[in-house]
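First comes the structure, then the notes that go with it.
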Amino acid sequence: MPRRHARYDHTMDERVTRLRERIDALNIELLERLSERAEVAEAIGRLQTELGMSHYDPVREQAMLDALTHANRGPFSDAVVKSLFKQVFQASMQLEHDQDKTRYLTSRQTRDADTVVHVGGVPIGGEHPPVLIAGPCAIESSEQVGTIAAFLASRGVRIMRGGAFKPRTDPYSFQGLGVDGLRLGREAADAHGLAFVTEVMDAADVVACAEYAHMLQIGARNMQNFTLLRAAARSGRPVLLKRGLSATIEEWVMAAEYLLHGGNDQVVLCERGIRTFERYTRNTLDVSAVALAKLETHLPILVDVTHSGGRPDLLVPLTKAGLAVGADGVMIEVHPNPAVALSDNKQQIDFEAFDAYLEATRYHGRLSPGRTELYGAEG
Ligand code: PEP
Ligand code: MN
């Protein structure tokens with residue numbers, strides 16, 4: 047008991063208090079000198095980068111350590127002085143390397159606020175309610191796309207998709223109507239007050255597609271077509287960039303970087319499923335990629351629930367999964383008569399199934415005024 051008392055008194059001793067005050071002041075002084083040293087190291091780093099020199103120079107480091115041990119008057123041993131300063135050198139080197147890192151335009155480190163993309167007056171991203179982009183895989187005729195546009199508009203959908211240039215595995219299968227398809231798509235969209243999104247496959251078609259569409263889609267097979275990305279960046283239209291079939295998240299985000307670097311910040315990412323060993327689904331919807339893309343980039347992101355699962359019975363759960371991990375909207379294929387569709391006829395759904403989908407996801411009647419509506423909130 048008395049010993050404990052003595053120790054307690056000791057900490058209250060004025061002499062200790064004063065010495066501690068000196069230590070506090072020395073800490074601040076050391077910090078200031080360390081910060082000053084770091085700024086000089088950064089300046090050296092910038093010059094080395096400019097001159098193409100390496101930041102690490104072992105001979106220079108050894109010379110600095112020798113000078114320090116030579117000047118060491120104790121009480122620290124030379125070994126302790128060396129180890130302390132090695133830490134300082136390493137921290138400075140890290141700063142120099144960090145300075146060299148490219149500041150990517152897609153990164154949240156460059157821009158923290160969510161980008162909102164406007165497609166024919168419809169905002170996607172940020173605090174806006176999730177958007178639903180629906181329409182046929184391919185535009186097949188005036189009647190087909192007109193019927194779909196009328197139906198979608200009656201259900202509150204505001205953006206219609208539809209391919210005029212179709213990337214098909216089999217060269218003998220329907221390849222799309224080309225420019226005629228663009229015209230039919232735009233006419234149908236205009237007639238019903240919809241915005242129109244269509245895929246562009248070739249840099250040479252960017253101008254034509256941009257003339258008719260409110261948004262250009264770059265498909266999975268073209269995600270790393272850098273010529274096309276550069277041309278789409280110059281199109282003056284927002285771009286929907288699908289993730290490649292076997293693309294890593296980094297490759298996908300870098301493809302988006304091409305668009306932003308080319309001067310177009312109106313970019314929406316779209317996770318459409320990746321190729322895995324699984325055969326029960328057409329592709330595997332990578333929900334972790336959606337969550338990660340939201341964390342790493344400020345761009346809006348959609349999930350394509352049609353091409354990912356490739357199964358009508360998965361549309362509702364995949365929609366919920368995508369929105370649960372932060373997607374800003376959904377893309378889905380709808381066709382008046384999927385059985386006779388000229389492409390993707392196994393995975394497109396008809397109008398009745400679309401109504402059931404809207405009901406199940408609570409999109410029915412009008413598009414969601416708030417994200418929670420999808421989870422059953424009334425109103
Ligand atoms: C499409 O959206 O019609 C399409 C071909 O998609 P993806 O590029 O994702 O396969
Ligand atoms: Mn399709």
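With the working numbering as the guide, the letters of the sequence shown map in order to residues 47 to 425.
The C-beta atom is built at its ideal place from N, Cα and C for all residues, glycine as well.
Query: For Arg207, the residue or residues it bridges with in DSSP; Result: Val243
Query: Limits of the unbroken alpha helix (DSSP H) element including Met377; Result: It is not in any alpha helix (DSSP H) - Met377 instead sits in the beta strand (DSSP E) that spans 375-379.
Query: Integer Cβ distance of Leu364 from Leu345, believed to fall under 8 Å; Result: Actually they are not in contact, since the Cβ atoms of Leu364 and Leu345 sit about 20 Å apart, beyond 8 Å.
Query: Beta-carbon proximity check, Gly290 vs Trp298, cutoff 8 Å; Result: yes
Query: Cα-Cα separation between Gly166 and Ala385, rounded to whole angstroms; Result: 31 Å
Query: As assigned by DSSP and simplified to three states, the class of Ile295; Result: helix
Query: Residues near Gly265 in its chain [Cβ-Cβ closer than 6 Å; skip 5 each side]; Result: Pro213, Glu245, Lys288
Query: Spatially closest choice to Asp160 from Thr148, His174, Val168, by CA coordinates; Result: His174
Query: Backbone secondary structure at Met99 - three-state DSSP; Result: coil
Query: Beta-carbon spacing of Val285, Met261 below 8 Å; Result: yes
Query: Length-filtered (3 minimum) beta strand (DSSP E) runs lying within the segment 297-336; Result: 313-317
Query: Beta-carbon spacing of Asp350, Gly171 below 8 Å; Result: no
Query: Closer than 7 Å: Cys183 CB and nearest ligand 2 heavy atom; Result: yes
Query: Inter-residue Cα distance where the pair is Met99 and Ser129; Result: 26 Å
Query: In DSSP terms, what Met58 is bridged to; Result: For Met58, which the question treats as bridged, DSSP gives no partner whatsoever.
Query: Asp390 CB to nearest heavy atom of ligand 2 below 7 Å; Result: yes
Query: Per DSSP, cross-strand counterpart(s) of Ala180; Result: Met206, Ile378
Query: Pick from Val191, Tyr102, Ala367 that is closest to Ser334, judged by C-alpha positions; Result: Ala367
Query: Any non-hydrogen atom of ligand 1 within 7 Å of Arg321 CB; Result: no
Query: Exposure of Val430, with buried meaning 16 or more beta-carbon neighbours within 10 Å; Result: Any property of residue 430 remains undetermined from this structure, which presents the chain solely from 47 to 425.
Query: Ile320 versus Arg83: straight-line alpha-carbon distance, rounded; Result: 48 Å
Query: Assigned exposure category for Leu413 - 16 Cβ within 10 Å defines buried; Result: Bear in mind that the predicted position of Leu413 carries a pLDDT of just 45, short of 50, making it too unreliable to give a figure here.
Query: Proximity test, Glu245 beta-carbon vs ligand 2 heavy atom, cut-off 7 Å; Result: no
Query: Rounded C-alpha distance that separates Arg204 from Pro169; Result: 10 Å
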